[in-house]
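Visitor: I'd like to ask you about the structure that follows.
2 protein chains.
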Amino acid sequence: MVPLVWEVGHAASPAQPPSRWVAATVPGAVQLDWARAEGWEPYWKGNAFKAYRWMEDVWWTYRARVAPVEARAGHRLVLACGGVDYQFSVHVNGVCVHEQEGMFRPFEIDVTDAALRGAWIEVRLHPAPKVPGSKEDRTEARRCAKPAVAYGWDWHPRLIPLGIWRDTVLEWRSAARLQRVESTYALDVESRTATLTVAVAGTEAAEKAQWRWSLASPSGSRVAHGSGVIRSGSGESRMQVPNVELWWPHDQGPQPLYVLEVELWDAAGHLLDRHGRRMGFRRARLVMNEGAWEGPEGFPKSRSHPPFTLEINGRSVFARGANWVPPEIFPGTITPETFKPLLRLAREAGMNLLRSWGGGIVNPPSFFEQCDALGIMVWQEFPLACNCYDDDPGYLRALDAESRSIIRQVREHPSLVMWSGGNELFNAWSGMTDQAHALRLLNRNCYDLDPDTPFIPTSPVDGVGHGDYRFRDEHGREVHQIFATARNTAYTEFGCPGPSPVEYLSRFIPPEELWPPKPGTTWETHHAFNAWWPTTSWLFPEVVEHYFGPCPDLPTLVKGGEWLQTEGYKVLYEEARRQKPRSSMALNWCYNEPWPTAANNSIINWPAEPKPAYHGVAAACRTVMASARIPRFSWSPGEAFEAELWLLNDSPEALPPGRVTAEIVWGSRVIEAAVWDHAEVAVNRHLGGPQVRVQLPADGSVVSFALHLRVAGAPQRDSVYPMPLVRAAAPT
Amino acid sequence: MVPLVWEVGHAASPAQPPSRWVAATVPGAVQLDWARAEGWEPYWKGNAFKAYRWMEDVWWTYRARVAPVEARAGHRLVLACGGVDYQFSVHVNGVCVHEQEGMFRPFEIDVTDAALRGAWIEVRLHPAPKVPGSKEDRTEARRCAKPAVAYGWDWHPRLIPLGIWRDTVLEWRSAARLQRVESTYALDVESRTATLTVAVAGTEAAEKAQWRWSLASPSGSRVAHGSGVIRSGSGESRMQVPNVELWWPHDQGPQPLYVLEVELWDAAGHLLDRHGRRMGFRRARLVMNEGAWEGPEGFPKSRSHPPFTLEINGRSVFARGANWVPPEIFPGTITPETFKPLLRLAREAGMNLLRSWGGGIVNPPSFFEQCDALGIMVWQEFPLACNCYDDDPGYLRALDAESRSIIRQVREHPSLVMWSGGNELFNAWSGMTDQAHALRLLNRNCYDLDPDTPFIPTSPVDGVGHGDYRFRDEHGREVHQIFATARNTAYTEFGCPGPSPVEYLSRFIPPEELWPPKPGTTWETHHAFNAWWPTTSWLFPEVVEHYFGPCPDLPTLVKGGEWLQTEGYKVLYEEARRQKPRSSMALNWCYNEPWPTAANNSIINWPAEPKPAYHGVAAACRTVMASARIPRFSWSPGEAFEAELWLLNDSPEALPPGRVTAEIVWGSRVIEAAVWDHAEVAVNRHLGGPQVRVQLPADGSVVSFALHLRVAGAPQRDSVYPMPLVRAAAPT
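Protein chains in written order, with the working numbering: chain C, 1 to 732; chain F, 733 to 1464.
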């Protein structure tokens, strides 16, 4: 590797050179470099991010000096870049050698000849792409393949990253080398036989070189191999792999990973190049939800709801998971370590699927590698969200190239089980339809490059539901009622907001603004007010006070909000699950966040600090658990409390007959509510139990109570639902 | 042209030669040739078709002898075939020179060298394709690109055509010639500027020859031209055409057709080849129905209904039309003359769109040429219907090649405004989903080859309705009630069955079977009984008797059935139209039929004989007309009759204020029911008028009455609705 020392500067026009150069970190972002040079506060503190606004609209240039090098026989000096955000050109000694629009395409540039006498390498960025005449919001991004979230969202500040965001190296590489190594397979699940195709593309100097591949099983033994000669720049080899060990999501089975190694050899027996990667074998399908063929009834008859049940290796798998958003505002700061705690927490919470949301980036391969190993499925969206993306030919060219690159980078991961065109594109606020060229193009590219992985144009499709994002809506309906009457095939977004912990808030909100929370302060820029259409979102202090009374201080407000978020998410997840098999997915909005929010639907604070609601979600996402359908949240002393008992089973094993006990814990009293001696619970089926009805005590000594479900012999399946008591009549 | 005398014969296996040869008509069908040789009755009489059944399963061979020819400098002897149905190989002197699966791909074979000494040309057919182990019905066709209707439908006998079905010639052609001439354009409707791309492919001998194209306007003046040289087998030229005259459906504007001529010239100035064709310029889009973005309401929120309003050149056009089915069982008998009376009748009925249904063939270009000239839009489906078409690689290869050929043959016609994957594929009885490879492949091919023409995967999609197909359903609901409460975005199939006229019936039903109609007779094989799930369909004698009392003879039964069909269709079309702009299409099932039916939803008997219902449909499809929403069909003397008055306007012009008079004609009495002095009716908008309420006379001297709507000064917009009277209380 030849070290490169990068600098960055900006100018008002592409014709002007920067007047000042500052040290640049690569990968990174121009904003971070400039802020570091200026000694600014971190962008995530207070309202510091507002000072970054001008950086969207200037022309940034990176430069690095390559000292003169000596030629090496059979080798070339190559600048290999994983990605530049967003539109840019590369210049070597002032000569343009590469132009590109799009952050998801790696590129290689041979700089050998120029470097013999020393060279300047420059990467010249365009300003952030914006559709002229648009409002200053996400609609500016409707003609580019850049994630729209950076243009401002209800949980993301307006802060549009630019810069070299993926690993970029200058190194000597064999002139004869492999430029592309791809493996695809057709899997016969019944016989567990994979037909594996390995395809390579070589450089010109690799012509007629021999390439060899071998596949090692999870236990390390070689189970298939092949070889060939590079002709006309490419080679392909196909072999059957018998007795394949199938990859499963973690709640369904193991995650066996194979290792594919590909080497290039010259005629003299020298190894020229080598590539290695892990892969896994699974078949992912999107099949009809049970009962969906029966609808719609009567004439004139429309179509049945589209399929939304994931079937892995022939087995229907209920998806318990979340919507994944970018873990950082500046993707150039993401490393494999960024994903580690977040993905570990997802797996520990019982989640088996993450929807990688279309407003954000497509994560680098290390994300998928970790999901492969953890048994977490990924639904990957292309970078389109909440906009009417144009039929503009220039946009479609960029999207075509970007999407092909994305598919090729990601398709080999067994965790990748579904593609989607993007987020909420078929709703009024986006205004796209099935006829949009962008979506037909994405469907085509997925079909051409990864036909066996399901593709949906967007979420929601017909039958699937997004929202609500409130514990209590403007009609006074609670999540309990909204979801009990919903009849969606999948719940792929639902939110329940909660505030961040007091200590966390104090890290980025100035002390003088901490209490009381007010619009127009840091609370608002960090999304506690005026973030979503109800003006008090996401803090909703009036909802907290509705249940728990006036809040005298911040800890009380936060505690109340955390309680609502925790219990709200339990209701949402468990109800979506109880509707299986008519429903097939429960994914909250959202899992994580890219910067510190004051209040948000997320269950993990940036960068990876679980909120109390995380533990509620983890409780509600256990593969096997006792659950209760509770009709509402708050109760009055003396009322008749009701709940319906359930045993949820998403596992591939049946549960033997057993006993569930329901108790009301009322202060220090324990009131037995029901004993349910249940029958066997079938494989991957839930079982509804008795309706519990208990007269609550009329004494006024306690302010809350809880329903406990105890599973005999399996306390890990117990559930607890704490609820507040109100003195007045119960809210309706 | 070198004359070819074809013979055909069959054998039990491909290894055996036919033991008997009979004269063959090309184009045609092996069944017709064999029946002619045997002197059989026509297949459409009585139950004659049943004798043809064995012909599906044998191996047919066509042969023709080419007498020795002399070579001609610069020319080649070419067998040019427009299409063979279905799987076949071509052999010259016993050597296989071509193999193909699929009837929609023309092919050319150079037979010059073999013909110098004389040659046998053979076309060897496989038996009709069937998925092994299937029931003997349409499911046998679920792995082939052959129209499924031939395997038996509720209005089509089981009769699977095989043979050379398109023009096939042997002729000397210039060795240097054009093998493909294609024109595509991008149209800027606002500036009426088309960017026309002409692309050609030439034979090897055409390399470096010059090609020239010119475009003549409808008035004959040359408006654009270009030229180029064939390089690497192809050439492309692009020019702007300013001031384009736009093509419109007939109710919206004129049908200007341009003529494109392409010539190939050698260096010495000799004309080598010439192609000419008509073309038109229009922009077709599928846009959201008005109000569709407002749905669905509330949370969890699903997607809005997909777009189903055709927009031509920027103007929303309500589609009044029908479902077109094959006009012949044997497509090889179709000529341009076959289409002429049918399409003339469609235009005369006011229809502006035909859905060319996916169970049948894709018509030859003469169909589209006539639709271009008549201003009738075509929604073309690929040959998939009511089956779960496989992800089988062999099927997908055939479908890929066939669909690409279909798109290339049809896309240049301005009348072609929409592609669809096929019929009812997303309903339970088919079992396909958006994930089906066949449909993703078709979407891809349409996007690649004809991206600006809308594509839908099937009909119905979400929001669109198919059915009902009865005047009165099993709950006693009439078309009046079923449709008044329907809220579909488009009504792309609805049927109202009626019997064929007595004279027509007597042509194919033996005299001794004519009265009374009975299951198990020719009435049943010609679809009067047990055709669709209610066992008395499509004759429904009990429905006729419900309204008109016991039928003593065939003329009475037929007359009652005709009345129901005529008035039923008026209700259906007019109600679907009144729901504009929320609804966007009214297409009945079905327009025509491929053989004589005893009773059917069709409005034109085979081959082109309008049934009385045709005239009712024509009345209901007038671009501008008075209309009444009538709550039910039969009334009692003395009852209060009610109806709601409307003025329907699908035209691009506003209607000035005027007067509509409603009258009840009761025997010889005329009772004025309402005078409606209406305001202006806006462009392409309907206007709802007053509710009429009239006490019907109590005298029992008449058995029926009629509502007449008279439009002052425009009697062509008058409407009449005759209704029966019953003595008892009105049916509910």
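Even glycine gets a Cβ: it sits at the ideal position worked out from N, Cα and C.
(1) With DSSP as the reference, label residue 1347 of chain F as helix, strand or coil.
(2) For residue 224 of chain C, list the residues DSSP reports as bridge partners.
(3) Mind checking whether residue 615 of chain C and residue 665 of chain C have CB atoms under 7 Å apart?
(4) For a contact meaning CB atoms closer than 9 Å, what does residue 1214 of chain F contact in chain C?
(5) For a minimum of 3 consecutive residues, which ranges assigned as the beta strand (DSSP E) are wholly contained in the region 1037-1071 of chain F?
(6) Going along chain F in order, which residues have a C-beta closer than 7 Å to the C-beta of residue 286 of chain C?
(7) Can you tell which of F:1273, F:886, F:943 has its C-alpha closest to the C-alpha of residue 1001 of chain F?
(8) To test your reading of the DSSP string, which unbroken beta strand (DSSP E) runs of 3 or more residues are found completely within the region 514-559 of chain C?
(9) Using the beta-carbon of each residue, which ones in chain F are nearer than 7 Å to residue 304 of chain C?
(10) Is it buried or exposed, residue 1253 of chain F, if we count other Cβ atoms within 10 angstroms and call 16 or more buried?
(11) What does residue 1408 of chain F touch in chain C if you count any residue whose Cβ is under 9 Å from its own?
(12) Alpha carbon to alpha carbon, how far is residue 1452 of chain F from residue 1294 of chain F? Give it in angstroms, no decimals.
(13) Please report the distance separating the alpha-carbon of residue 724 of chain C from that of residue 633 of chain C.
(14) Would you list, in sequence order, the uninterrupted beta strand (DSSP E) runs of no fewer than 3 residues that lie entirely inside the region 636-668 of chain C?
(15) In three-state DSSP terms, what is residue 1461 of chain F?
(16) Which two residues bound the contiguous alpha helix (DSSP H) that contains residue 480 of chain C?
(17) Could you compute how far the alpha carbon of residue 317 of chain C sits from the alpha carbon of residue 492 of chain C?
(18) Taking the alpha-carbon of residue 700 of chain C as reference, which of C:667, C:156, C:648 has the nearest alpha-carbon?
(19) Short of 8 Å in beta carbon distance, which residues of its chain neighbour residue 443 of chain C, apart from the five on each side in sequence? Order them along the chain.
(20) Report the CB separation of residue 1113 of chain F from residue 1155 of chain F in whole angstroms; it is logged as a contact under 8 Å.
(21) Where in the region 1084-1160 of chain F do unbroken runs of the beta strand (DSSP E), each at least 3 residues long, occur, reported from the N-terminal end onward?
(22) Starting from the beta carbon of residue 1199 of chain F, find every residue of chain C whose beta carbon is closer than 8 Å, and list them in chain order.
(23) From residue 1035 of chain F to residue 494 of chain C, what does the alpha carbon distance come to, in whole angstroms?
(24) In chain order, what residues of the same chain have a beta carbon less than 7 Å from the beta carbon of residue 399 of chain C, not counting five sequence neighbours either side?
(25) Could one say the Cβ of residue 1172 of chain F lies closer than 7 Å to chain C's Cβ atoms, at least one of them?
(26) Any idea which residues DSSP pairs residue 1419 of chain F with across the strands?
(27) Given 8 Å as the limit, is there contact between the region 850-859 of chain F and the region 1018-1029 of chain F, that is, 3 or more CB pairs closer than that?
(28) In three-state terms, what does DSSP make of residue 1221 of chain F?
(29) Any beta-carbon of chain F closer than 7 Å to the one on residue 486 of chain C?
(30) Find the residues of chain C that neighbour residue 1194 of chain F, judging by a C-beta separation of less than 7 Å, and give them in chain order.
(31) How big is the Cα-Cα spacing for residue 921 of chain F and residue 96 of chain C?
(32) May I ask you to report which of helix, strand or coil DSSP gives residue 1302 of chain F?
(33) Residue 45 of chain C by DSSP, collapsed to three states: which one?
(34) Along chain C, in chain order, which residues have C-beta atoms closer than 9 Å to that of residue 1223 of chain F?
(35) Can you list the residues of chain C that residue 1226 of chain F reaches, using a CB-CB cut of under 9 Å?
(36) I want to verify the contact list: residues of chain C whose CB lies under 9 Å from the CB of residue 800 of chain F, in sequence order.
Guide: Looking at the coordinates:
(1) The count along the second sequence starts at 1 and reaches residue 1347 of chain F at position 615. It is helical.
(2) Locating residue 224 of chain C in the first sequence gives position 224, where the first residue counts as 1. The partner list for residue 224 of chain C (beta bridge, DSSP) reads C:215.
(3) For this step, residue 615 of chain C is matched to residue 615 along the first sequence. For this step, residue 665 of chain C is matched to residue 665 along the first sequence. The answer is no: Cβ separation not under 7 Å.
(4) Position 482 of the second sequence, counted from the first residue, corresponds to residue 1214 of chain F. Here the neighbours are 298, 299, 300.
(5) 1041-1044, 1047-1049, 1051-1056
(6) The residue labelled residue 286 of chain C in the question sits at position 286 within the first sequence. Residues of chain F passing the Cβ test: 1167.
(7) Translated into positions along the second sequence, residue 1001 of chain F becomes position 269. Among F:1273, F:886, F:943, the Cα nearest to that of residue 1001 of chain F is on F:943.
(8) none
(9) The residue labelled residue 304 of chain C in the question sits at position 304 within the first sequence. Result: 1158, 1159, 1160.
(10) Stepping through the second sequence from its first residue, residue 1253 of chain F is reached at position 521. When all chains shown are included, residue 1253 of chain F counts as buried.
(11) As a working note, residue 1408 of chain F is residue 676 in the second sequence. None at all; the shortest Cβ gap to chain C is about 30 Å.
(12) In the second sequence, counting from the first residue as 1, residue 1294 of chain F sits at position 562. In the second sequence, counting from the first residue as 1, residue 1452 of chain F sits at position 720. Going from the Cα of residue 1294 of chain F to the Cα of residue 1452 of chain F covers about 16 Å.
(13) Within the first sequence, residue 724 of chain C is the residue found at index 724, counting from 1. Within the first sequence, residue 633 of chain C is the residue found at index 633, counting from 1. Those two C-alpha atoms are separated by around 7 Å.
(14) 640-649, 658-666
(15) For the purposes of this step, residue 1461 of chain F is identified with residue 729 of the second sequence, where counting begins at 1. For residue 1461 of chain F, the predicted structure reports a pLDDT of 46, less than 50, and the residue's modelled location is therefore unreliable. The matter cannot be settled from this model.
(16) Within the first sequence, residue 480 of chain C is the residue found at index 480, counting from 1. 479-484 is the extent of the alpha helix (DSSP H) around residue 480 of chain C.
(17) The residue labelled residue 317 of chain C in the question sits at position 317 within the first sequence. The residue labelled residue 492 of chain C in the question sits at position 492 within the first sequence. The alpha-carbon atoms of residue 317 of chain C and residue 492 of chain C are separated by roughly 15 Å.
(18) Position 700 of the first sequence, counted from the first residue, corresponds to residue 700 of chain C. The candidate whose alpha carbon is nearest that of residue 700 of chain C is C:667.
(19) Taking the first residue of the first sequence as 1, we reach residue 443 of chain C at position 443. Contacts found: 421, 455, 457.
(20) Start at 1 with the first residue of the second sequence, and residue 1113 of chain F comes out as number 381. Start at 1 with the first residue of the second sequence, and residue 1155 of chain F comes out as number 423. About 6 Å; that satisfies the 8 Å criterion.
(21) 1085-1088, 1109-1113, 1148-1152
(22) As a first step, residue 1199 of chain F must be located in the second sequence, where it is residue number 467. What residue 1199 of chain F touches in chain C: 299, 300, 301.
(23) For the purposes of this step, residue 1035 of chain F is identified with residue 303 of the second sequence, where counting begins at 1. For the purposes of this step, residue 494 of chain C is identified with residue 494 of the first sequence, where counting begins at 1. One C-alpha to the other measures close to 15 Å.
(24) One-based indexing of the first sequence puts residue 399 of chain C at position 399. The answer, listed in chain order, is 145, 438, 441.
(25) By one-based count along the second sequence, residue 1172 of chain F stands at place 440. Yes, contact with chain C.
(26) Taking the second sequence and counting its residues from 1, the one referred to as residue 1419 of chain F is at position 687. Note: residue 1419 of chain F sits in a beta bridge opposite F:1379.
(27) no
(28) Reading the second sequence from its first residue, position 489 is the one you call residue 1221 of chain F. Here residue 1221 of chain F sits in coil by DSSP.
(29) By 1-based counting over the first sequence, the position of residue 486 of chain C is 486. Output row for residue 486 of chain C: interface = yes.
(30) Indexing the second sequence from 1 puts residue 1194 of chain F at position 462. Ordered by position in chain C, the residues that pass the 7 Å Cβ test against residue 1194 of chain F are 302, 303, 462.
(31) Locating residue 921 of chain F in the second sequence gives position 189, where the first residue counts as 1. Locating residue 96 of chain C in the first sequence gives position 96, where the first residue counts as 1. Each residue's Cα considered, the two are about 38 Å apart.
(32) As a first step, residue 1302 of chain F is located in the second sequence; it is residue number 570 there, counting from the start. If DSSP states are grouped into helix, strand and coil, residue 1302 of chain F belongs with the helices.
(33) Looking up residue 45 of chain C in the first sequence gives position 45. Coil.
(34) As a position in the second sequence, residue 1223 of chain F is number 491, starting the count at 1. Simply 300.
(35) Within the second sequence, numbered from 1, the residue matching residue 1226 of chain F stands at position 494. Simply 299, 300.
(36) The sequence position of residue 800 of chain F within the second sequence is 68, counting from 1. Simply none; closest approach about 43 Å.
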